Ligand code: BG6
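Numbering (my numbering), first residue to last: 33 to 518.
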């Protein structure tokens, strides 16, 4: 019999466990990708029987998984799922949990994953107690700790958390999750760039005019105000997901797919992004808040939390000098879409008889991360039966057509599997998290500085955000693209 692997989910009564983690683990089970010998133990403070926990998880899978749940197979899976009510901030509880886990695991070496799906304020006590209870000691099998975002709320707190992690365990034992990195289409950026020889020669300042990265959501803050208010979109999306997407577009080709090689290259990009001085923040960023945000339960009156942000960054290196990268993200917007558009420069000379004031539309390559995953290339074509009129047309690749409508797994599936295998390439290293905060802190400081008003422009639910964000691009004579929406 092979070694036991126990997946301990702290915060198991929360949303992430039933919406994402359990459906992903069940799908891995169906695909026979879990280790031969495994157990899942859900832990949180609420008392619940094993049976109640399993039922709750089953409902979660029925509601949120991409697949239809087969009752018999679920039964087989659920037999190996347990629940225990413990408070992870209490050392006595942690020691008891350790004993119970050892009893489940039986004789012989056993590996463990501790998934901290808990409120960020509990990360420190959790790490301290895992250390104090000797639960990250690897003498009896490997021990891996997974931390969800947000990793800190600024550079100072992220550093303190990193220090705490390193007091308790080795960097190789920690997996800082950014679920965007588990998305197939995000991983495909590397394949697209480095497994095709066509694009790399033009992937630089000589040919690229600018880059736009959009992550827009139609949902509003809903019942998440407890977490969201005071955090806002800059910490919730920009510091992690959006900067990671930017890094993958801008990264130099690593020598291998090895976790360190790729992560070293990403760190170089983050280091090369020009940090803003607080007084420049008004010039390069726009923050917004949807009009009804303050009516949401849990939001403090007069809250200045931004639910929308648009930011212009520059990367000061040989490849990207002078190319603006525009990032925008927001809630309660017109469409749910995550996309990256690369705009190429206009032809240097126009030989066609178009009015002198007219310009030829730039070629663009749009990577549709979600929901309609794929890639679209827009270029000019001659309109038939005219002398030389032209129109923008598209060449489109869609994952659903090429690989089938259900080919794309949930991001968490890939990430959980990588944790089990010990592959950290798709996880953020401590230094890259700190570098990202180094870019975000001045933006937050700039906006919070006395005299900078208004903090967030209002926008209507269902719009594309405040008009001031359009003006940000208009300064450079461009407009926001929604290439995946057309
Ligand atoms: C999470 C944020 O990390 O990402 C949420 O905390 C956001 O606020 C979510 O809604 C978006 O993820 P996705 O995969 O739906 O784009």
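Think of the CB as a built atom: it goes at the ideal place given N, C-alpha and C, for glycine as much as any other residue. Since the model is a prediction, treat every value here as computed from it, not as a measurement.
Would you kindly report the start and end of the unbroken beta strand (DSSP E) that includes residue i?
i           : result
residue 361 : 356-362
residue 89  : Looking at the DSSP string, residue 89 is not in any beta strand (DSSP E); the run it does join, the alpha helix (DSSP H), is 82-96.
residue 444 : Element bounds for residue 444: not the beta strand (DSSP E) but the alpha helix (DSSP H), 443-453.
residue 525 : Since the first and last residues shown for the chain are 33 and 518, residue 525 lies out of range.
residue 343 : 340-346
residue 75  : 70-76
residue 384 : Neither: residue 384 is in no beta strand (DSSP E) and is coded neither H nor E.
residue 236 : That residue, residue 236, is in no beta strand (DSSP E); it is neither H nor E in DSSP.
residue 146 : 142-148
residue 504 : No beta strand (DSSP E) holds residue 504; the alpha helix (DSSP H) holding it covers 499-506.
residue 371 : 369-376
residue 321 : 317-322
residue 411 : 406-414
residue 489 : 489-491
residue 511 : Careful: residue 511 lies outside any beta strand (DSSP E) and carries neither H nor E.
residue 179 : 175-179
Just checking my contact of residue i with residue j at CB under 8 Å: how many whole Å lie between their CB atoms?
i           : j           : result
residue 267 : residue 465 : Wrong, their Cβ atoms sit about 12 Å apart, outside the cutoff.
residue 169 : residue 176 : That pair is no contact at about 13 Å.
residue 402 : residue 217 : 7 Å
residue 361 : residue 513 : Residue 361 to residue 513, Cβ: 15 Å. No contact.
residue 363 : residue 499 : Not really, about 18 Å apart at Cβ, beyond 8 Å.
residue 178 : residue 207 : 5 Å
residue 71  : residue 116 : The pair is not a contact, with the Cβ atoms about 12 Å apart (cut-off 8 Å).
residue 45  : residue 78  : 5 Å
Helix, strand or coil for residue i? Go by DSSP, reduced to three states.
i           : result
residue 389 : coil
residue 272 : helix
residue 265 : helix
residue 40  : strand
residue 395 : coil
residue 241 : strand
residue 205 : helix
residue 114 : strand
residue 126 : helix
residue 220 : helix
residue 457 : coil
residue 134 : helix
residue 227 : coil
residue 365 : strand
residue 45  : coil
residue 248 : strand
residue 433 : helix
For the alpha helix (DSSP H) containing residue i, name the first residue and the last one.
i           : result
residue 212 : Unbroken run through residue 212: none, as it is neither H nor E.
residue 470 : 462-480
residue 422 : Looking at the DSSP string, residue 422 is not in any alpha helix (DSSP H); the run it does join, the beta strand (DSSP E), is 422-430.
residue 335 : Premise fails: residue 335 is in no alpha helix (DSSP H) and is neither H nor E.
residue 200 : 187-200
residue 156 : 155-164
residue 151 : Segment: none, residue 151 is in no alpha helix (DSSP H) and carries neither H nor E.
residue 183 : No alpha helix (DSSP H) holds residue 183; DSSP gives it neither H nor E.
residue 167 : First-last for residue 167: undefined, no H or E at that position.
residue 99  : Taken as a continuous stretch (DSSP letters only), residue 99 belongs to no alpha helix (DSSP H), as it is neither H nor E.
residue 259 : 257-260
For residue i, is the classification buried or exposed, using 16 other Cβ atoms within 10 angstroms of its Cβ as the cut-off for buried?
i           : result
residue 149 : buried
residue 494 : exposed
residue 182 : buried
residue 275 : buried
residue 124 : exposed
residue 109 : buried
residue 279 : buried
residue 238 : exposed
residue 28  : Nothing can be reported for residue 28: it is not among the residues displayed for the chain, which extend from 33 to 518.
residue 355 : buried
residue 246 : buried
residue 269 : buried
residue 433 : exposed
residue 231 : exposed
residue 357 : buried
residue 313 : buried
residue 188 : exposed
residue 395 : buried
residue 398 : buried
residue 68  : exposed
residue 436 : exposed
residue 332 : exposed
Any heavy atom of the ligand ADP closer than 6 Å to the CB of residue i?
i           : result
residue 202 : What this structure holds is the ligand BG6, not the ligand ADP.
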